[in-house]
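Structure first, commentary second.
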Amino acid sequence: MRSPLTEPVTMMRPPGGIWAGTRCNDPEARELARGFHVAAQAFMRGAIAARYPQEAGHLADFVCTTMVGMSASARHGQSLERLLATARLAGVALAQAIPG
Numbered sequence: 003m004r005s006p007l008t009e010p011v012t013m014m015r016p017p018g019g020i021w022a023g024t025r026c027n028d029p030e031a032r033e034l035a036r037g038f039h040v041a042a043q044a045f046m047r048g049a050i051a052a053r054y055p056q057e058a059g060h061l062a063d064f065v066c067t068t069m070v071g072m073s074a075s076a077r078h079g080q081s082l083e084r085l086l087a088t089a090r091l092a093g094v095a096l097a098q099a100i101p102g
């Protein structure tokens, strides 16, 4: 089952990942990764705004923050099963936050 939390990142992820690159020692690579991160956030905000313009800011912040946290958890060895459970729980939270 596809999750709206993972699909946009898969589409926008450069080789090696977005989130890890924002912490690297190379300033040029770090800035490039930051640009991808900002673009991913803007993409998410725009996709949400198409249907829920009033809620787009805080919903996009929630999704992006959740994705970054899940990425960190994956790097630290959290299992796919646990990551998927987190994504499902985040989906429940989003369903509660979306109007109508």
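Residue numbers (my numbering): 3 to 102.
Ideal Cβ placement from N, Cα and C applies to all residues, glycine included.
*asked:* Using a Cβ-Cβ cutoff of less than 7 Å, which residues in the same chain neighbour Thr12 once the five nearest sequence positions on both sides are dropped?
replied: Below a pLDDT of 50, predicted positions are generally treated as unreliable, and Thr12, at 45, falls in that range; the measurement from the model is reported next regardless. Within the same chain, Thr12 has no close Cβ partners at all.
_Could you tell me the alpha carbon to alpha carbon distance between Ser75 and Asn27, rounded to whole angstroms?_
21 Å
*Using three-state DSSP, classify Cys66 as helix, strand or coil.*
helix
*With a 10 Å radius around its C-beta and 16 neighbouring C-beta atoms as the bar for buried, classify Ala44 as buried or exposed.*
exposed
*Over what stretch of residues does the alpha helix (DSSP H) that includes His39 continue unbroken?*
Pro29 to Ala51
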